[in-house]
Structures are given as C-alpha cells and as structure tokens.
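Report on the following structure.
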Amino acid sequence: MNLVIASLLLTGAMPWICAGIAKAGQKNYDNHNPREWLAKQTGYRARANAAQGNCFEAFPIYAVGVLLALYTEVPQDEIDLYASLFVAARVAYVALYISDQDKLRSLAWLVGVICTVGLYIASMGSMAS
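Per my numbering, the sequence shown starts with residue 222, numbered consecutively.
This is the structure we're talking about:
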C-alpha cells in the first residue's frame with residue numbers, strides 16, 4: 222500500500238513541480254499576478270504551465286480509481302502495477318511535454334489513461350466476484 226500512497230502524493234504534487242519549472246530562474250516573474258505572467262510565457266515555460274494544467278486534469282480520476290480499487294479489494298500487486306506505470310507515464314509525460322516531443326508525449330499520456338481505466342475495470346471485476 223505504501224507504493225500506492227506514494228503514487229498519490231507524487232502525482233498530486235506534479236502540478237506544483239510543473240509550476241516550479243515554469244517559474245524557476247525567471248527574474249521578471251510577477252508573484253502579484255502569476256497566472257497572467259504564466260499566460261504570457263513561451264517555449265518550455267509555456268509547455269511546463271500546460272503540463273501543470275494537464276496534471277490537474279489527470280489526478281482526480283486517477284486518485285478515485287486508486288481509492289475504488291482499494292475499496293473493492295483489487296489485489297494489491299495489481300494496484301501497485303497500475304500505480305507504478307501511471308507514475309512513470311506521468312513523469313515521462315511532463316518531461317516530454319517540456320522538451321517539446323509531442324508524439325512521445327501523447328503516447329505517455331495514453332499509457333496513463335490506460336492505467337487509470339485499468340483500475341476501474343479491475344474494480345468492476347472485484348465487485349463481481
């Protein structure tokens with residue numbers, strides 16, 4: 222279960238990490254109006270900000286999938302597998318987004334979606350038995 226809890230913490234924190242990447246080292250960062258400042262960024266900073274938004278979008282459905290899998294008593298090794306793959310896919314997604322590798326980024330996104338859907342399917346299977 223510790224791996225799953227760690228996956229929730231890490232993926233829940235990924236928007237903060239992306240925001241930090243977008244803002245880091247910038248001398249003219251406007252902390253009085255950070256969203257407006259971020260909206261004006263280009264290059265890797267803009268991509269890090271976009272990755273931040275996607276991380277916010279991906280987290281809730283993943284977190285609910287994990288909790289549902291735990292609640293329906295999906296075997297822990299199965300949950301761990303989905304969680305590990307999801308974290309790896311999301312870390313790759315962010316790195317690929319920031320480095321502007323769109324096709325590989327989309328593949329990493331898809332792997333994360335498959336892992337999330339897998340948790341729901343496994344939960345339905347556990348409820349049936």
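No residue lacks a Cβ here, since even glycine has one placed at the ideal position from N, Cα and C.
Restricting attention to alpha helix (DSSP H) runs no shorter than 4 residues, the region 233-296 encloses them at 255-260, 264-292, ordered along the chain. In this structure, residue 273 and residue 239 form a Cβ contact; the two beta carbons are roughly 4 Å apart against a cut-off of 8 Å. Excluding residues up to 5 positions away in sequence, 272, 275, 326, 329, 330, 333 lie with their Cβ nearer than 8 Å to the Cβ of residue 314 in the same chain. Apart from sequence neighbours up to five positions away, the residues of its chain that approach residue 244 with a beta-carbon distance below 6 Å are 250, ordered along the chain.
Measuring C-alpha to C-alpha distances from residue 236 to each of 277, 257, 246, 259 identifies 277 as the nearest. With contacts defined by Cβ atoms closer than 8 Å, residue 228 and residue 289 do not form a contacting pair.
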